[in-house]
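Going by this note's numbering, the sequence shown opens with residue 205, and the numbers climb by one from there. In this text, a Cβ means the ideal position worked out from N, Cα and C, and glycines have one as well.
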Amino acid sequence: MRDQHGGMLAASFVLVVEILENLAFLANASNLVLYLSKFMHYSPSSSANIVTNFMGTAFLLAVLGGFLSDAFFTTYRLYLTSAAIEFMGLLILTVQAHTPSLKPPICASASTEIQCEKVNRQKAAMLFTGLYLVALGVGGIKGSLPPHGAEQFDDTTPQGRKQRSSFFNYYVFSLSCGALIAVTFVVWIEDNKGWQWGFGVATAAILASIPVFLLGSPIYRTKIPAGSPITTMFKVLIAAVCNNCKSKNPSNAVMGMKTSPSSYTTETGEEGNATKVKVPSQTLTEDLEFLNKAVTEKTVGPMLQCTVKQVEEVKVVLKIIPVFMCTIMLNCCLAQLSTFSIQQAATMNTKIGSLKVPPASLPVFPVIFVMLIAPTYNHLVIPFARKVTKTEMGITHLQRIGTGLILSIIAMAVAAVVEMKRKKAAIESGLLNSAEPLPITFLWIALQYLFLGSADLFTLAGMMDFFFTEAPKSMRSLATSLSWVSLSMGYYFSSVLISTVNNITSIFRHTPWLSGSNLNHYHLERFYWLMCVLSSLNFFHYLFWANRYKYRTESTAD
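What follows is the structure, encoded as structure tokens:
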């Protein structure tokens, strides 16, 4: 009931829950590599791989969360289930960190030749059970919580659509709030009070999120699952292939595109009712005509009988995939913030007055930038854009994503220039082969954080809003989860790109661009220029698809 359910009040519970959930997740993920190497005695490379696999798996599992939300569970139930799973995983990790007998013996001094005893199979099994229960829970939450919040708004009214767009902006703001607490307060606890306390705070945070979420139960709007969207997609694709193979048979001719729209309005004949609710056009469109043959007068079999609505929904999904692919490169750029950018800052002067800032605290910069930019964008930029363009959204979803891609190009160019400045300072000061801090402030690195943080706000919020709005209602959760999959694939692509660059440059040079223990001997500026060029090419690729994309709302108006 519109006057009793949904709205910004209901969505506000989701935003508070996201702060607690992201705090619980990032509190450990941001510092996990240290725990694995210092207390579980994994090698630095093994620790890094474990963290990468853990993060990648958590975000990839968002697809599973989105699928289950659409097909079998409601987003409401899936969140509660996923939060309970993440709580169990964090509880296991907390117990292991607190109990000495469940960890390897304390490592001897680094000056001795005795190697540290690595975690054994039973203890490692407990560690990975906890980690991947957390990953499973995080995947379910990322796949269900954003669409649950977006479902609280009525997309049949302009006010509802505007509020939903604002919700996605503040969802990214909530992510940043949780991250800020995680990379400052909780990381300090882990480093100074013990990891059992760090895991304990994360466990308490995810546990507290459950009653907070339940407080909104009386006013939530909840979408009823409509069955597996994947099944529908495969049915349409298989029917189209089979009917195309039989297209030479006159008895299997495809319904004419010029047939009266009334014959395609709906498969249930509900159009006769005097209703003013807007529904998507139920006529076959000329886009992806190959799929139109899934709707024939004589089907291959009853199992492959498709409706026009199903065919058009599959077309929408196929058309948003190129946009999704174009965002992977931006997330590859974002991956550099947690790797090379921190290593660069470690070679520079990290003092601000008398305060010495640890390089690992650099993620605070993009977090703070996003927290400042999100309200500014929502309350100043968007209202101004609406007045100028005289449109409901002011800035379209694809324009927001495109803005983020442009900012990522600028960020990589800035990163390259800053690296050239850093290496010049190393040469002029004679510290090229020294481990001493360079006479240049690490705040120069904050410039690329500014641009990439802004790019993340525009693109992540824009992607979520775009995928949720454009996807068919039966698969909105699944489509929204593509935002997290893009993030995961960006991190994986970064690893592949670095390996490829090293392999290619080692052929033409004795040493690869990005190899060795001394960052001053890296050709990191060349790598950043390469990222800038690749991002530029990716942007033109994005323009190709964005200019040809037609919003579903436009199709409805037509």
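Taking all protein chains shown into account, decide if residue 545 is buried (16 or more other Cβ within 10 angstroms of its Cβ) or exposed. buried
DSSP state of residue 219, grouped into three classes? helix
May I ask you to report which of helix, strand or coil DSSP gives residue 292? Three-state DSSP puts residue 292 in a helix.
Going by CA-CA distance only, name the one from 537, 531, 493 that's closest to residue 179. Absent from the model: residue 179. The displayed extent of the chain is 205 to 762, so no value can be given.
Same chain only: Cβ atoms within 8 Å of residue 684, ignoring 5 sequence neighbours per side: 270, 347, 350, 351, 354, 668, 671, 672, 675
Whose C-alpha, out of 720, 540, 274, is nearest the C-alpha of residue 732? 540
Cβ-based burial, residue 254 [other Cβ within 10 Å; buried from 16]: Classification for residue 254: buried.
Can you tell which of 382, 510, 426 has the C-alpha that lies nearest to the C-alpha of residue 436? 510
Simplified DSSP state of residue 790, which is helix, strand or coil: For residue 790 there is no data in the structure shown, the boundaries of the chain being 205 and 762.
Check the C-beta distance from residue 616 over to residue 529 and give it rounded, since I have them as a contact under 8 Å. Actually they do not touch by this definition, with Cβ atoms about 19 Å apart.
Residue 179 (DSSP reduced to helix, strand or coil): A question about residue 179 goes unanswered here, because the residues of the chain that appear run from 205 up to 762.
Does DSSP put residue 208 in a helix, in a strand, or in coil? It is coil, neither helix nor strand.
Helix, strand or coil, according to DSSP, for residue 642 in the structure here? strand
Looking at the unbroken alpha helix (DSSP H) that takes in residue 648, where does it start and where does it end? From DSSP, residue 648 is part of no alpha helix (DSSP H); its letter is neither H nor E.
Using only alpha-carbon positions, find the residue among 262, 526, 558, 569 that is nearest to residue 753. 526
Tell me the residue span of the alpha helix (DSSP H) that contains residue 596. Per DSSP, residue 596 belongs to no alpha helix (DSSP H) and is neither H nor E.
In the structure shown, what three-state DSSP assignment does residue 746 receive? Helix at residue 746.
Could you have a look at residue 552 and say whether DSSP puts it in helix, strand or coil? Residue 552 carries a strand assignment under DSSP once its states are collapsed to helix, strand and coil.
Indicate whether the contact test is met: 3 or more Cβ pairs, each with one atom in the stretch 736 to 756 and one in the stretch 594 to 614, closer than 8 Å. yes
In whole angstroms, what is the alpha-carbon distance linking residue 716 and residue 727? Straight across, the Cα-Cα distance linking residue 716 with residue 727 is about 8 Å.
Do the stretch 634 to 653 and the stretch 553 to 573 meet, that is, are 3 or more Cβ pairs less than 8 Å apart? yes
Could you check whether the stretch 375 to 384 touches the stretch 291 to 305, counting it as contact only if at least three pairs of C-beta atoms, one from each stretch, sit closer than 8 Å? Contact between the stretch 375 to 384 and the stretch 291 to 305 is not established, with fewer than three Cβ pairs separated by less than 8 Å.
When you compare the CB positions of residue 653 and residue 587, do they come within less than 7 Å of one another, or not? No, the Cβ-Cβ distance between residue 653 and residue 587 is not below 7 Å.
Just the Cα atoms here: how many angstroms apart are residue 358 and residue 364? 5 Å
Tell me whether residue 360 is buried or exposed, calling it buried when 16 or more other Cβ atoms sit within 10 Å of its Cβ. Taking all protein chains shown into account, residue 360 has fewer than 16 neighbouring C-beta atoms within 10 Å of its C-beta and is therefore exposed.
Which residue wins for smallest C-alpha separation from residue 577, given the options 523, 659, 561, 624? 659
Can we count residue 493 as close to the ligand ATP, meaning its CB is less than 6 Å from some heavy atom? The ligand ATP is not among the ligands present in this structure, which contains no ligands whatsoever.
Closest residue to residue 376 among 573, 413, 720 (Cα-Cα distance): 573
Bridge partners - residue 560, DSSP secondary structure assignment: 555
Sufficient close CB pairs (3 or more, under 8 Å) joining the stretch 691 to 699 to the stretch 707 to 715: no
Does the distance from the CB of residue 533 to the CB of residue 274 come in under 7 Å? no
Going by C-alpha distance, which of 288, 756, 637, 439 is nearest residue 408? Per the Cα distances, 288.
Which residues mark the beginning and the end of the alpha helix (DSSP H) in which residue 570 is found? 568 to 580
Drop a sphere of 10 angstroms on the beta-carbon of residue 722, count the other beta-carbons inside from all chains shown, and report buried for 16 or more, exposed for fewer. Under this definition residue 722 is an exposed residue.
Less than 7 Å between C-beta atoms, sequence neighbours within five positions excluded: which residues of the same chain meet that for residue 764? This structure leaves residue 764 out entirely; the chain is present only between 205 and 762.
With DSSP run on the structure shown, which of helix, strand or coil describes residue 224? Assigned with DSSP and collapsed to three states, residue 224 falls in helix.
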